[in-house]
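One point on numbering: in our numbering, the residue at position 315 of the sequence shown is 369, and numbering is uninterrupted.
Every residue, glycine too, gets a C-beta built ideally from N, C-alpha and C.
These numbers were taken from a predicted model, which means no experiment stands behind them.
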Amino acid sequence: MPMDKNNDFRFLKACRGEPVDRTPVWFMRQAGRYMKAYRDLKEKYTFLELCKNPELATEVTLQPLDVLGVDAAIIFADILLPLEPMGTGLEFIAGDGPSIPRPVRTHQEMAALKPVDVDGQLGFVGDAIRMVRSEISGKIPLVGFAAAPFTLCSYMVEGGKSRDFTLTKVMMYEEPETWQGLMDKVVRVLADYMKMQVAAGAQALQVFDSWVGCLGPADYEKYILPYTRRLFKELETTGVPVINFSTGTSTMLPLVRQAGGDVMSFDWRIDLDDAWRQIGHQTPVQGNLDPNLLFASLPVIRERVHDVMRRAAGRPGHIFNLGHGILQHTPVDHVKAVVDMVHEYQHE
Ligand code: CP3
């Protein structure tokens, strides 16, 4: 087989559980409002304009790379983009986050959701991926992403962000056929959408189940696992590593592991060594620093970064990351400092 330099990145090696020279590190939301270059662009364009214009999405994707020295890029987009072609509408309201004008709450509304032509209707994400790859190929790998079924459905049903997820849970408990129909449709779109991203050049995928931790293990097993499992199974055909990301799931990690994916991501509600032991050391892992820690002083950050590194114990298959995305007012120099602390760390 010809040697492909693009397969040799420490991030991709760690995703495959192979030994690396230094622990790879990257961040969710590494592009965004905590960076001045992003805020400057936001003076001229809305968030959705940035996502839908491949030149601008490329520019934003590249913004953090040299500044931080991270080991992976993540395409600038949003997990909610598939909602527009499905027919619910999608708006971002300044200061208040996403809003879905036509939420899905009845069987009829579920049945009216449209199938998505991902190449035609979400092709701008593929175009951005191709453009980013042509800029960074051979230097740093590019991660594509989408939501996991529960997290996307929760926005569709609630109509925006939620604290309690009451409408979503009531549909799940009371309207099993509507829930099943909704999850089936969403899995189809998400699988096609991520396959399109890999065809365009994404070298790894991350599936964001940001809010599934609002469920207990029995509900996860019954209402979520059959669908996440089907999604991860379909993604196996892409041949790229897939990261299974969730938050709030430390009481049910072995169950979430059963959904599939090549790398498991942990938040900060569990110690890395405990989490890794629970799912088995043969599975590569990512996480798990609290994003709030980046507001602390550098000595405190260093102590906690080193604590995560000690718990990883130099095992192959460790990717350093936060447990969730970078927060809005995070000091950029602290993010950069974390990258250097990880790269400079020497295991005893
Ligand atoms: O990681 C990256 O750098 C890639 C870009 C990325 C964005 N959103 C850009 C974005 C990624 C990976 C996402 C995923 C995403 N989007 C998730 C999963 C990750 C997570 O945090 O759990 C979720 C839940 C969303 C939905 C979403 N998009 C919300 C809740 C919001 C509002 C958040 C807020 O703080 O206002 C968005 C908007 C959004 N997505 C922004 C960015 C940079 C902010 C938009 C702005 O500039 O105002």
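For residue i, which residues from the same chain have a beta carbon less than 7 Å from its beta carbon, with the 5 sequence-adjacent residues on both sides left out?
{"i": "Leu102", "result": "Phe146"}
{"i": "Ala391", "result": "Leu352 and Ile355"}
{"i": "Val114", "result": "Ala85, Tyr92, Leu95, Leu104 and Phe130"}
{"i": "Met237", "result": "Pro203, Cys207 and Tyr281"}
{"i": "Asp75", "result": "Arg64"}
{"i": "Lys239", "result": "Leu167"}
{"i": "Asp325", "result": "Arg365"}
{"i": "Tyr399", "result": "Thr77, His360 and Met363"}
In its own chain, which residues sit with a C-beta less than 6 Å from the C-beta of residue i, not counting the 5 before and 5 after it?
{"i": "Ser153", "result": "Glu145, Ile147 and Gly214"}
{"i": "Pro108", "result": "Phe178, Asp181, Ala182 and Met185"}
{"i": "Val233", "result": "For the sequence presented, residue 233 should be read as Trp rather than Val. Cβ neighbours of Trp233 beyond the five flanking positions: Met225 and Met226."}
{"i": "Thr337", "result": "Met318"}
{"i": "Gly71", "result": "Pro338, Pro370 and Gly371"}
{"i": "Thr112", "result": "Ala182, Met185 and Val186"}
{"i": "His161", "result": "Thr232"}
{"i": "Pro73", "result": "Pro370"}
{"i": "Asp62", "result": "none"}
Verify whether the separation of the beta carbon atoms of residue i and residue j is less than 8 Å.
{"i": "Leu285", "j": "Leu244", "result": "yes"}
{"i": "Val317", "j": "Val79", "result": "no"}
{"i": "Pro295", "j": "Cys69", "result": "yes"}
{"i": "Val129", "j": "Val197", "result": "What sits at residue 129 in the sequence shown is Ile, not Val. For Ile129 and Val197, yes; Cβs fall inside 8 Å."}
{"i": "Gly302", "j": "Arg283", "result": "no"}
{"i": "Pro195", "j": "Gln260", "result": "no"}
{"i": "Leu122", "j": "Val359", "result": "no"}
{"i": "Leu309", "j": "Tyr277", "result": "no"}
{"i": "Val386", "j": "Tyr88", "result": "yes"}
{"i": "Gly267", "j": "Ser300", "result": "yes"}
{"i": "Gly235", "j": "Met164", "result": "yes"}
{"i": "Ile333", "j": "Arg311", "result": "yes"}
{"i": "Glu212", "j": "Phe219", "result": "yes"}
{"i": "Met248", "j": "Leu279", "result": "no"}
Count the other CB atoms, across all protein chains shown, that sit within 10 Å of the CB of residue i; report buried if there are 16 or more and exposed otherwise.
{"i": "Ser208", "result": "buried"}
{"i": "Ala401", "result": "Strictly speaking, residue 401 in this sequence is His, with Ala absent from that position. When all chains shown are included, His401 counts as exposed."}
{"i": "Gly314", "result": "buried"}
{"i": "Asn298", "result": "buried"}
{"i": "Lys90", "result": "exposed"}
{"i": "Arg64", "result": "buried"}
{"i": "Asn342", "result": "buried"}
{"i": "Arg331", "result": "exposed"}
{"i": "Pro345", "result": "buried"}
{"i": "Ala200", "result": "buried"}
{"i": "Gln117", "result": "buried"}
{"i": "Lys67", "result": "buried"}
{"i": "Ser188", "result": "exposed"}
{"i": "Asp246", "result": "buried"}
{"i": "Gln382", "result": "exposed"}
{"i": "Gly377", "result": "buried"}
{"i": "Pro230", "result": "exposed"}
{"i": "Pro139", "result": "buried"}
{"i": "Glu97", "result": "exposed"}
{"i": "Asp263", "result": "buried"}
{"i": "Thr291", "result": "exposed"}
{"i": "Gly255", "result": "buried"}
{"i": "Ala272", "result": "exposed"}
{"i": "Thr77", "result": "buried"}
Less than 8 Å between C-beta atoms, sequence neighbours within five positions excluded: which residues of the same chain meet that for residue i?
{"i": "Thr142", "result": "Ile154, Pro155, Arg156, Pro157, Val158, Leu167 and Met210"}
{"i": "Ala253", "result": "Gly180"}
{"i": "Leu135", "result": "Cys105, Leu144, Leu176 and Val179"}
{"i": "Ile190", "result": "Leu116, Leu119, Ala127 and Leu196"}
{"i": "Asn375", "result": "Val79, Trp80, Phe81, Met82, Ser319, Gln340, Gly341, Asn342 and Leu343"}
{"i": "Leu137", "result": "Gly143, Leu144, Ile154, Leu206, Tyr209 and Met210"}
{"i": "Gly368", "result": "His401"}
Any beta strand (DSSP E) of 3 or more consecutive residues that is wholly inside the region 334 to 377: Runs found: 339 to 343 and 372 to 376.
Complete runs of the beta strand (DSSP E) confined to the region 203 to 286 [at least 3 residues]: 258 to 263
Segments of 4+ residues assigned as alpha helix (DSSP H) that fall wholly inside the region 283 to 336: 307 to 313 and 326 to 333
Within the region 67 to 142, ranges of the alpha helix (DSSP H) (whole runs, at least 4 residues): 90 to 98, 101 to 106, 108 to 122 and 137 to 140
Segments of 4+ residues assigned as alpha helix (DSSP H) that fall wholly inside the region 157 to 207: 161 to 165, 172 to 175 and 177 to 190
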